[in-house]
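In terms of the numbering used here, the sequence shown opens at residue 1210 and continues consecutively. Don't be surprised by glycine CBs; every beta carbon is placed ideally from N, CA and C. What follows is a single structure, written as structure tokens, with notes after it.
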Amino acid sequence: MAYAKIYKSWQDDPEAFWMAEAKKIDWVKPPSYALDISRAPLYRWFADAQVNTCHNAVDRHVKAGRGDQVAIIHDSPITGTVSRMTFAELKAATARLAGALRDKGIAKGDRVIIYMPMVPEAIVAMLACARIGAVHSVVFGGFAAHELAVRIDDATPKAIIGASCGLEPGRTIAYKPLIDGAVEQAKHKVDFTIILQRDQLPCDLTPGFDHDWHAVQEGVAPAACVPVAGDHPAYILYTSGTTGAPKGVVRPTAGHLVALNWTMKNVYNVDPGDVFWAASDVGWVVGHSYICYGPLIHGNTTVVFEGKPVGTPDAGTFWRVIQDHKVKSFFTAPTAFRAIKRDDPKGELIGDYDISSLRALYLAGERADPDTIIWAQKIMGVPVYDHWWQTETGAVIAGNPAGIEALPVKIGSPTVAMPGYDIHILDAAGQDMPVGELGAIAIKLPLPPGTLPTLWNAEDRFIKSYLTTFPGYYETGDAGRLDEDGYLYVMARTDDVINVAGHRLSTGAMEEILSNHPDVAECAVIGVSDALKGQLPMGFVCTNKGTTRSDDEIIADCIRMVRDEIGPVAAFKLIAVVDRLPKTRSGKILRRTMVAIADNADFKVPATIDDPAVLDEIRAAVKPLGYGGT
């Protein structure tokens, strides 16, 4: 097996493996060694190198004679526009904005917050920061002013690059008042903003503080690429923490380049020039790794999509984008496909489009339930690969190495560990669990290049959050098991493994069963408090449009299915049919918040929630089940 041989070559000599991969990147000063262990368990990769991310993502392709290749396709069904930018045009745009930032005092190591919608200028802003060695922190456009202020105070940026508005189906979100509110609330004061005015909702600019995107670049000398150290932070990306305070994940420059470049061919099976589409947002890690950096570093054309899987205009919009732009590999979240399946259960709309360019679909972001995978395989006629990774790792931990060899798909598994990851299933004492048994998923240190070396200004929190529970390992926070073939099954977050009368049960396993019901579009199972058994599972299901069966019939089916598959030990009898589930804007179901509602516990409405009104629907759903209090 080609994969087994490559994985073993990494196991036998990890440093030689990554030094060989490093040769595929352009260096100002190549690394003389791979891994710095002087501060273990705080490891650094390629620390003595000098390199520039923007050069590798843009300039080197122009230098190689590929300046006329399209780098970015912007497709916005909301505005009804499509535009294209070549690598040569991207280089010019990036150098101009970088020059404007430089002339306004932004230098290597300074932080810049980017608060923008899904427009090409967001990618230009990220690359412009990288070009001059500034550290960007992209905050999802539309985040509340308070949450933006918290990130301003943590990152202490000199500037904010923003836009006048963002567009959602049926509504326009004014960004400038949110930026103004955050600037006013934050203790740290930024020096200036640069604002992209959008025709849909221009905004007023404060003279001397706010600068128009175009005007600030007039007459500016383009900036050259500034070399930075291999361990220089490329960016800070905030992920929600269990304490409510956001965690600033740091991405090291050199390891980021090497790791992402490796994945584009070996995981996503694309060659330079192929069109790659990740249907995500630049505010999330997928947007960083696979809308901006990964495809461009590898020389691919990347699609920046301003739309939704349904409603812009219908559940066929993904197929239209794949057809129009000849997408070869497509990456999105399972929740997007559940939305399409709910609106078009038979997949009839795909018949209106030619998606023959597509070679595979990749799913990540949350567990890909078997029913969704099987449905997608059936209607699309291409392999569907689940793969698993985290904001902290920046790239895939376990996946199907389709560019090396396409391994057999086992429904419910993201397949196998990628080079760099030595995955273990541990019990509470840190001992390896037997094959097939559920435990905490941990990764033996050191983590591979590109993974977080620390949290921004929070080294102690980094050690406590990830390295303390299992010394010598990185704690993923997920629970799962390994089978006899080394396939990983990620069953739930560690705190989603519930204890029912002394039996450890996975809520993810129950969700798999519920999702197999023909009338269930999507579902969630949480653990709620019970005086007798400690915890009980509680299920929530959303039904497909057009179903003819009653809610009571579907509930009875679901209870029977879980009882048949897992047994009476699951004590599964609490279930409600709801119109929708509370989710983040990236599509993750807010299970902890649902637990708090059911247990009548205090909680903070997550800043990432897509629509807070859905929480009232959950409150109404749990009351007839005897939960939720007042």
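Proximity of the stretch 1231-1238 to the stretch 1250-1262 meets the contact definition, three or more beta-carbon pairs being nearer than 8 Å. Restricting attention to beta strand (DSSP E) runs no shorter than 3 residues, the stretch 1549-1606 encloses them at 1569-1572 and 1593-1595, ordered along the chain. DSSP, read as helix, strand or coil, puts THR1541 in strand.
Here VAL1786 has VAL1750, THR1752, ASP1760, ILE1763 and ILE1764 as same chain residues with Cβ atoms under 7 Å from its own Cβ, once five neighbours each way along the sequence are excluded. In this structure, the CA atom of LEU1414 is about 11 Å from the CA atom of ALA1372. Exclusion of the five residues before and after ILE1798 leaves ALA1733, LEU1790 and LYS1792 as the residues of its chain whose Cβ lies within less than 6 Å of its Cβ.
The three-state reading of DSSP puts TRP1486 in strand, counting E and B together.
Looking from the CA of PRO1662, the closest CA among HIS1465, PHE1527, LEU1824 and VAL1267 belongs to HIS1465. The alpha carbon of ILE1632 has as its nearest neighbour, out of TYR1682, ILE1620 and SER1622, the alpha carbon of TYR1682.
In the DSSP assignment, PHE1401 forms a beta bridge with ALA1368.
DSSP assignment within the stretch 1283-1326 yields the following whole alpha helix (DSSP H) runs of 4 residues or more, N-terminal first: 1296-1312. Going by C-alpha positions, TYR1242 is about 8 Å away from GLU1224. Each residue's CA atom was taken as its position, placing HIS1397 and VAL1494 some 25 Å apart.
Taking the C-beta atoms as reference points, ALA1463 is found nearer than 9 Å to GLY1439. Boundaries of the alpha helix (DSSP H) around GLN1220: 1211-1221. Within a 10 Å sphere around the beta-carbon of GLY1318 sit fewer than 16 other beta-carbons, which makes this residue exposed. The C-alpha of TYR1571 is placed about 16 Å away from the C-alpha of ASP1490.
Sequence-distant partners of ASP1641 (beyond 5 residues in either direction) whose C-beta falls short of 7 Å from its own C-beta, in its chain, are HIS1633, ILE1634 and LEU1635. Between the alpha carbons of LEU1656 and THR1448 lies a distance of about 19 Å. Looking from the CA of PRO1386, the closest CA among LEU1376, THR1365, ALA1368 and GLY1351 belongs to GLY1351. The beta carbon of GLY1556 sits closer than 6 Å to the beta carbons of ILE1588 from its chain, once the five residues preceding and following it are set aside; these are given in chain order. Here ILE1613 has ALA1211, TYR1212, ILE1215 and ASN1475 as same chain residues with Cβ atoms under 8 Å from its own Cβ, once five neighbours each way along the sequence are excluded.
Setting aside the 5 residues that flank it on each side, LYS1653 is surrounded in the same chain by ASP1631, HIS1633, GLY1681 and TYR1682, each with a C-beta closer than 7 Å to its C-beta; the list follows chain order.
In this structure, DSSP gives GLY1748 an extended state, which the three-state scheme calls strand.
DSSP lists VAL1484 as the bridge partner or partners of THR1510.
Residue range 1648-1653 is occupied by the beta strand (DSSP E) that includes ALA1649, with no alpha helix (DSSP H) assigned at that position. Contact between ASP1788 and HIS1726 fails: their C-beta atoms lie close to 17 Å from each other, not under 8 Å. Between VAL1484 and HIS1534, the beta carbon gap of about 5 Å places them in contact (Cβ cut-off 8 Å). Its chain contains HIS1345 and CYS1501 as the residues whose beta carbon lies nearer than 6 Å to that of MET1335, once the 5 sequence neighbours on both sides are disregarded; these appear in chain order. CA-CA distance, ALA1637 to ASP1400, rounds to 48 Å.
Bridge pairing for TYR1682: LYS1653 [DSSP].
With a cutoff of 9 Å on beta-carbon distance, ALA1430 and ASP1563 are scored as not near each other. Judged by DSSP secondary structure, CYS1767 falls outside any beta strand (DSSP E) and instead within the alpha helix (DSSP H) spanning 1760-1775. Counting along the chain, LYS1456 sits inside the beta strand (DSSP E) bounded by residues 1456-1461. In this chain, the beta strand (DSSP E) harbouring LEU1376 covers 1374-1377. Nearest Cα to HIS1596 within the set ILE1583, THR1581, ALA1626 and LEU1567: ALA1626.
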